[in-house]
Amino acid sequence: QRQIFADTLSLLRPAPRGQVLYSTCSLDPEENRAIVEWACGWHSFRVVSQTSTLPEGLPGGDAAAYHDGSYSALLG
């Protein structure tokens, strides 16, 4: 995840730098908040907003009621 994130940095506009939306379909803290903390520490980002969504519904049930867990953070 760190390498994928680092590879995107060259796509951002220089001064003022753009924003990155980091998003996963995981609830694993090592894949989510730890990567955001790393990005903030090593690449001078700040967290603009972040959200976690818990899984809901059951596979095979009503498709409108089912979704996996996820995490997203907007970094600027």
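This note's numbering puts the first residue of the sequence shown at 168, with every later residue one more than the last.
Note that CB positions come from ideal geometry on N, CA and C, so glycine has one too.
A153, buried or exposed, once every other Cβ within 10 Å from all chains shown has been counted against 16:
Examination of residue 153 is not possible in this model, given that the chain is present from 168 through 243 alone.
Neighbour-count burial assignment, A206, 16 or more Cβ in a 10 Å radius:
buried
In the DSSP assignment, the alpha helix (DSSP H) including Q170 goes from what residue to what residue?
R169 to T175
Could you tell me the alpha carbon to alpha carbon distance between R213 and G243, rounded to whole angstroms?
6 Å
With a cut-off of 8 Å on the beta carbons, I'd call G236 and L221 a contact; round off their distance for me.
5 Å
What is the residue span of the alpha helix (DSSP H) that A206 lies within?
R200 to H210
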